[in-house]
RNA sequence: GGCCCCGUCGUCUAACGGUUAGGACACGGCCCUCUCAAGGCCGGUACAUGGGUUCGAAUCCCGUCGGGGUCACCA
C-alpha cells in the first residue's frame, strides 16, 4: 500500500518525560522532509511501557512540539484515518499480528520467567560472556503448553544469513543473523515491545520513511526480519547522528539538563533560534548558518545529514538567539518578555512603552532572560550599585547631574532627539565629553553602568521618573 | 567484551580525486563608541595514524588507534 507518491513520516516518542532535544531534532528532520516533499507528518505515541508512560508526558511532548512550531497532520488531538495514534489503543492489531506469526512458524510462545532469564544472564556475565537467549522454548510443542501459564511471544530468527539495508544517511549497513537473538515481540497481554509495535504500526500507518537516531540502527535488523516474515514492504530508513553532551555522552535527560526543550524556553531562548541551532547539528547547507524555517523546508535533505555525532554547543545557540532577538518584531516579544519579568516579580503591560523598551533592549541582549535582567530598572526603582556610585555619583559629577536635570526639566519636548540635543548642549556648555555627562546620568537612572543609549533611556523612563531619580542621585 | 556506526580547527561544519583545506561559534588584536551590545577589519588553530590504489588523495581500500551506540518482558 505504500505508494511511491507522497511520503509519510512519523515521530514516535515514548511519553516518559519532557520532549528532549534529540527527539525534537528527530521530529524536525522528519517534519522538514515531509513538508519539503508535500508528504504527511504524523505523531504516534509509543506508550507501551506501562510503568513509565504518563499522560502528563504526552501533554509535555505536544506542548514542546507546538512551541517549536512543528505541527502534525495526523496524531493525537488532530486525528487522522490511520489511528488510533496511541499504541496502548492498538492492542487488537498486535494480538492478531503476533498470533499470525506464531501460526506461520515465525514466532513462538516462551514460558521462561523473567527470574530464570535473569539468573542465566547472571551466570554468563560472571563468566564474562555476553548472554543471548538460547531459544529454550523454540521447539516446545503447543500441545504441551498450559494455557494459563504466563508467556511472551518471541521472534523465531531464520537459520543464518545476514540482514542488510541501505540507510539514507549512513549508506550500506549489514549484520549477521547470528549476532541477533530471538527477542520478545510482545507480552502475554499482547502489549508490544519496541521493534514489534514499531513494525506493525509503521506498516499500518503506511509510513514510507523512518527517520530516527542512530541509537536505533541495531533495532533495524530484527525489524527487517519482521517485515520479511509479515510480507510487508519495508520503509526506507534514515538514521541521524547522535547529539552528545559536553562530556561526549549521548545527550540524555539524566545527565544533561539542557536536553529539556522547555528549559531553553525558560532560559529565554526563542523557538526559531533553537530550531536553527538544532537543524545545524547534523545537517548543513553549504556555509549557511542562519536559516529560516522556510529555507529549512526548501533545502532540507538527507544527503547533507552528516554521519558523525555532534556536541551540544551552548555558545552558538546563544549567538543564534541573539540574532533572532535582534530581528524579532517587538510585538512578538511582548508576551514572552512579560513572562520573564513576572518570574522576576516584575509586572508590565503590553503596549507602546513596552515595545519601546523591547526595541531598545533586543539588540543588546542574548536571551529574553538576560533582557529582563537588564531591564529591571524600567519596572522598579533600582538599587544603586556601590561601585558605580563611587565612581560616577561623586562630588565631581554633581555639576553635570544638576545641569542635565535642569535641561531636562526645561525641555519643551521629551522625545529621544530632543533629549539627545539637551545632552549634547549640556556637555558642550560644561566643556565635557558626552560620556562625562551620560555615564553619571546612567548610574543615577538605572543604578548601574549598562543601559541603552542615554537619550533612549531617558525618553523611555519618562520625565517624571527621570527627574525623580536624578534628584535622588543628587542627594546621594 | 560481542556486534553496529563514526573519525576535518576547542565546537558545529564545507569539500562529493586536483582548493594556499572554506565558513560559523568561541578566542586574541585593532577600529567604531555616552555604557553595554551590535557592527567592521585582522589573526591563530584541523584532514587521528600506518600502509596501499592513483599522475594526483581529507576524499577510494585495508590495518591500527580513538570516540560513540547497542546488547531487557525500556523505547
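Numbering (this note's numbering), first residue to last: 780 to 1255.
Virtual Cβ for every residue (Gly too), placed ideally from N, Cα, C.
All figures in this text were calculated on a predicted structure; none of them were measured in a lab.
Return the chain-ordered list of same chain residues with a C-beta closer than 7 angstroms to the C-beta of residue i, the five sequence neighbours on each side being excluded.
i            : result
residue 1078 : 1064
residue 874  : 969
residue 1205 : 1182, 1183, 1186, 1216
residue 944  : 952, 999, 1003, 1016
residue 1086 : 948, 949, 1020
residue 1146 : 1046, 1047, 1048, 1097, 1100
residue 857  : 851
residue 1006 : 978, 1013
residue 1229 : 1153
residue 1211 : 1179
residue 1244 : none
Can you give the Cα-Cα distance for residue i and residue j, rounded to whole angstroms?
i            : j            : result
residue 1008 : residue 895  : 29 angstroms
residue 953  : residue 1073 : 36 angstroms
residue 992  : residue 1225 : 49 angstroms
residue 821  : residue 1104 : 31 angstroms
residue 1159 : residue 1125 : 7 angstroms
residue 1227 : residue 1168 : 8 angstroms
residue 1029 : residue 974  : 21 angstroms
residue 1010 : residue 927  : 31 angstroms
residue 851  : residue 880  : 32 angstroms
residue 1178 : residue 1166 : 20 angstroms
residue 1133 : residue 1083 : 42 angstroms
residue 1242 : residue 1190 : 10 angstroms
residue 1192 : residue 1127 : 25 angstroms
residue 937  : residue 930  : 21 angstroms
residue 862  : residue 902  : 44 angstroms
residue 826  : residue 1025 : 30 angstroms
residue 1129 : residue 1121 : 13 angstroms
residue 868  : residue 983  : 14 angstroms
residue 990  : residue 789  : 8 angstroms
residue 917  : residue 935  : 7 angstroms
residue 841  : residue 811  : 17 angstroms
residue 853  : residue 859  : 5 angstroms
residue 1254 : residue 1246 : 12 angstroms
residue 1174 : residue 1162 : 20 angstroms
residue 965  : residue 833  : 20 angstroms
residue 1044 : residue 1123 : 15 angstroms
residue 908  : residue 843  : 42 angstroms
Given a cut-off of 8 angstroms on the beta-carbon distance, is the pair residue i and residue j in contact?
i            : j            : result
residue 813  : residue 792  : no
residue 1014 : residue 988  : yes
residue 1040 : residue 800  : yes
residue 961  : residue 933  : yes
residue 1092 : residue 1069 : no
residue 963  : residue 876  : no
residue 803  : residue 1057 : yes
residue 1153 : residue 1219 : no
residue 796  : residue 1032 : yes
residue 864  : residue 823  : yes
residue 1231 : residue 1148 : no
residue 1209 : residue 1157 : no
residue 939  : residue 956  : yes
residue 1001 : residue 959  : yes
residue 815  : residue 1136 : no
Per DSSP, which residues does residue i bridge with? Please list them.
i            : result
residue 1018 : 991
residue 971  : 965
residue 943  : 953
residue 908  : According to DSSP, residue 908 bridges with nothing at all.
residue 854  : 858
residue 789  : 821
residue 1062 : 1084
If I measure Cβ to Cβ from residue i and keep anything under 6 angstroms in the same chain, skipping five residues before and after, which residues do I get?
i            : result
residue 1223 : 1248, 1249, 1252
residue 1213 : 1206
Excluding the 5 residues preceding and the 5 following residue i in the sequence, name in chain order all residues of the same chain whose CB lies nearer than 8 angstroms to its CB.
i            : result
residue 1141 : 1104, 1105, 1107, 1109, 1112, 1150
residue 1038 : 799, 800, 801, 1024, 1030, 1031, 1032
residue 819  : 785, 786, 787, 788, 813, 852, 853
residue 900  : 910
Is there contact here, the segment 794-813 with the segment 829-848, by at least three beta-carbon pairs under 8 angstroms? Result yes; three or more Cβ-Cβ pairs closer than 8 angstroms.
Cβ pair count under 8 angstroms reaching 3, the segment 1099-1117 against the segment 1019-1035: no
Evaluate contact between the segment 1197-1212 and the segment 1227-1244, counting only Cβ atoms and requiring at least three cross-stretch pairs below 8 angstroms. yes
Inter-stretch contact at 8 angstroms, needing at least 3 Cβ pairs: the segment 907-918 / the segment 883-894: yes
Say whether the segment 1046-1057 touches the segment 1090-1110, bearing in mind that this needs 3 or more beta-carbon pairs closer than 8 angstroms, one atom from each stretch. The segment 1046-1057 vs the segment 1090-1110: in contact.
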